[in-house]
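Since the structure comes first, as structure tokens, the remarks are kept for the end.
Residue numbers (the numbering used here): 701 to 1285.
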């Protein structure tokens, strides 16, 4: 190797959004052969552009040390492939040599561009280095620190990276990762920025995602999701005063209730009128261990149809901006707390009916169970304003249609494809069998107050379908329930034209018993069932039983609600009338 020349020069600094730093660094040029750093990725080391960059991970660097690493052609191709597939970021992990007490402990991190190199591919002695990220080690003692910057899809791939600090440090790694924006203080500290960069802060109170649109705006994916990781807690309060984290996102305020089982929540940005906005934490911010914006892996459409559900808390669905739907006729969700329960929100009753009314008659309607009614029922007869079905009933419906060569409409065929795609039903030897999960649905045609009630009612059915322990708890409550009050409820179901439930179906009776009790808040249970007992049609059909409910002040229903509500809160942090942990305030 030829003699190396070494000079100390002052870099020409360019300021972007006040995130640049001026650095003095040592440039070490290798005149003929390429020298590689001990750091690398995918089995190939980075190019060391100065002496510090050769052993930057095994030898601590002194004060005012500057590391510059160039990418090989293979590494640049690797980043290009990541950009094409899912977006990319470049992450550097560093650590100060010792706990820092010096006020002047600044650092800077940025990308190298082609303009920073000479014609012979060496770093210019007066390179115009732009620090995308700046901060100070003083804030973080002797902690490992990862800094990540996303690549803008419209910009050229960087030729390398540089890092500078005024205090001794070591570089632990440089990695290519998927795009992510936000921060984490879980195992190691991570500060991830959009392509605009930013300043590292230590208060962990907010993240501004406004600039992230340039990173995540891609028609091949739906809008990204924010994942909030939460510390574990057994103290979740009571259902009346539940331990919660408060935050704001753009112009909306949110309440995130804590559950013993859940240590993370998703905020889909498509749930908000401002998908890219600032998130600020309020009450119990210390419970939040990370706030990270990720690219969604959910496909927007397949041949014009939506097959993949968007995972979310149900508290965001009711007022989900319809302009953010992936198709005009419906949106498809998956309950975050209960994977496998799909949730349809239909544009109107007509659309919902074409998907589900024939199925409703097949599964539940007295006098029609097990039969496939004609299109006249679908188009003209009353279905339900909301629906719920377990996987075995869905499989039986589509198997019967195939066995009898019955012609289903286009919406029902699409429903079948959605169920197959999500493994709720499974095709076997030309027929269908139950997979795992269930479906529930509501319609945008229902007024807002009813949509909230329907979400609760139908979603409790969904849990009942998939959770055996919950079914056992419901069964215990059912058989302990006051017989005359039960008779009142079942006669009501049997005699209401819009319901027509089959009383001989014990599974259905227990399921509906639970849902009618759990669809409203505990303090509304008494008033709801007294209201039923005062209806004119109910007093015509069963005057004595209606009088009995009034005489007992609906107390058996209140006691049943207390029992089931306690079970739901202890297990999931949910409550009667509320199947969500997140509320818009």
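A virtual CB, placed ideally from N, CA and C, is assigned to each residue, including glycine.
Just so it is clear, the structure is predicted and the values come from calculations on it, not from any experiment.
If we count the other Cβ atoms within 10 Å of its Cβ and call it buried at 16 or more, is residue 1037 buried or exposed? For the purposes of this step, residue 1037 is identified with residue 337 of the chain shown, where counting begins at 1. Answer is buried; the Cβ neighbour count reaches 16.
Worksheet item: Taking contact to mean at least 3 C-beta pairs separated by less than 8 Å, is the stretch 1235-1250 in contact with the stretch 1183-1200?
Response: yes
- prompt: Looking only at its own chain, which residues have a Cβ that is under 7 Å from the Cβ of residue 1151, when we skip the five neighbours before and after it?
  reply: Position 451 of the chain shown, counting from 1, holds the residue named residue 1151. Around residue 1151: 1018, 1142.
Check your understanding: From this set, 975, 826, 838, 792, which residue's C-alpha is nearest residue 890's C-alpha?
Key -> As a first step, residue 890 must be located in the chain shown, where it is residue number 190. For residue 890, the closest of 975, 826, 838, 792 by C-alpha to C-alpha distance is 792.
Under a Cβ-count criterion, where at least 16 other Cβ atoms within 10 Å of its own Cβ denotes burial, should residue 901 be classed as buried or exposed? Your numbering for residue 901 matches position 201 in the chain shown. Answer is exposed; the Cβ neighbour count stays below 16.
query = So what's residue 941 in DSSP terms, helix, strand or just coil?
reply = Position 241 of the chain shown, counting from 1, holds the residue named residue 941. Of the three classes helix, strand and coil, the one that applies to residue 941 here is coil, per DSSP.
Practice prompt. Could you spell out where the beta strand (DSSP E) holding residue 835 opens and where it closes?
Written response: Numbered from 1 along the chain shown, position 135 holds the residue referred to as residue 835. Start and end: 831-836.
* Asked: Given a threshold of 16 other Cβ atoms within 10 Å of its Cβ, counted over all protein chains shown, does residue 659 qualify as buried or as exposed?
  -> Outside the shown range of the chain (701 to 1285) lies residue 659, about which nothing can therefore be said.
Checklist line | residue 790 and residue 881 closer than 7 Å at C-beta | finding: Counting from 1 along the chain shown, the entry for residue 790 is found at position 90. Counting from 1 along the chain shown, the entry for residue 881 is found at position 181. The answer is no: Cβ separation not under 7 Å.
Proximity to residue 970 [Cα-Cα], best of 1138, 895, 913 | Within the chain shown, the letter at position 270 stands for residue 970. Closest by alpha carbon: 913.
Quiz item: What residue does the beta strand (DSSP E) around residue 863 start on, and which one ends it?
Solution: If you number the chain shown from 1, residue 863 lands on position 163. First-last of the beta strand (DSSP E) with residue 863: 860-865.
- Item | Inside the stretch 969-995 only - beta strand (DSSP E) runs reaching at least 3 residues | 978-981, 988-994
| message | Following a CB-centred definition, is residue 996 positioned closer than 6 Å to any heavy atom of the ligand MN? | response | Summarising the ligand content, the structure contains no ligands, and the ligand MN is consequently not present.
I'd like the span of the beta strand (DSSP E) that includes residue 768, first residue to last.
Taking the chain shown and counting its residues from 1, one reaches residue 768 at position 68. Run containing residue 768: 765-770, per the beta strand (DSSP E) assignment.
**Prompt:** Which of the three DSSP states, helix, strand or coil, is assigned to residue 1047?
**Reply:** Sequence index remark: in the chain shown, residue 1047 carries index 347 (1-based). Reduced to three states, the DSSP call for residue 1047 is coil.
Run the CB neighbour count on residue 1277, radius 10 Å, all protein chains shown included, and call it buried at 16 or more, exposed below. In the chain shown, the residue the question calls residue 1277 occupies position 577. Buried is the call here.
*asked:* Does residue 756 pass the burial test, meaning 16 or more other C-beta atoms within 10 Å, or should it be called exposed?
replied: As a working note, residue 756 is residue 56 in the chain shown. Buried, because 16 or more other Cβ atoms sit within 10 Å of the Cβ of residue 756.
Query raised in the report: If we call anything under 7 Å between Cβ atoms a contact, is residue 767 one with residue 752?
Result: Position 67 of the chain shown, counted from the start, is the residue given in the question as residue 767. Position 52 of the chain shown, counted from the start, is the residue given in the question as residue 752. Between residue 767 and residue 752, the C-beta gap is smaller than 7 Å, which places the two residues in contact.
* Is residue 999 buried or exposed, if buried means 16 or more other CB atoms sit within 10 Å of its CB? -> Position 299 of the chain shown, counting from 1, holds the residue named residue 999. Exposed, because fewer than 16 other Cβ atoms sit within 10 Å of the Cβ of residue 999.
* Compare the C-alpha of residue 1131 against each of 1162, 1099, 1138, 1268 and name the closest. => Stepping through the chain shown from its first residue, residue 1131 is reached at position 431. That would be 1099, whose Cα lies nearest to the Cα of residue 1131.
Where residue 659 sits in the DSSP three-state scheme: The structure shown does not extend to residue 659, since the chain spans only 701 to 1285, so no value can be given for it.
Worksheet item: On the three-state DSSP scale, how would you describe residue 883?
Response: Translated into positions along the chain shown, residue 883 becomes position 183. It is a strand residue.
- With DSSP as the reference, label residue 1278 as helix, strand or coil. Working through the chain shown from its first residue, we reach residue 1278 at position 578. Looking at residue 1278 - three-state DSSP - the assignment turns out to be strand.
Practice task
Below 8 Å CB to CB, which residues in the same chain sit around residue 1004 once its five sequence neighbours on both sides are set aside?
Solution key: By one-based count along the chain shown, residue 1004 stands at place 304. If we look at residue 1004 and ignore the five residues flanking it on each side, its Cβ neighbours are 1027.
So residue 847 is in the beta strand (DSSP E); what residue range does that whole segment cover?
Here the question's residue 847 lines up with position 147 in the chain shown. Per DSSP, residue 847 belongs to the beta strand (DSSP E) from 845-850.
Check: For residue 872, which of helix, strand or coil comes out of DSSP?
Finding: Reading the chain shown from its first residue, position 172 is the one you call residue 872. Three-state DSSP puts residue 872 in a strand.
### Task
State the DSSP-derived secondary structure class of residue 781, mapped to helix, strand or coil.
Against the chain shown, residue 781 aligns to sequence position 81. Reduced to three states, the DSSP call for residue 781 is helix.
Using 8 Å as the threshold, is the stretch 1065-1081 in touch with the stretch 1157-1171, meaning 3 or more CB pairs across them?
no
How far does the alpha helix (DSSP H) with residue 914 in it extend, from its first residue to its last?
Stepping through the chain shown from its first residue, residue 914 is reached at position 214. Start and end: 913-916.
Straight-line gap, residue 1177 to residue 1164 (C-alpha atoms, nearest Å)
Translated into positions along the chain shown, residue 1177 becomes position 477. Translated into positions along the chain shown, residue 1164 becomes position 464. Cα-Cα distance, rounded: 14 Å.
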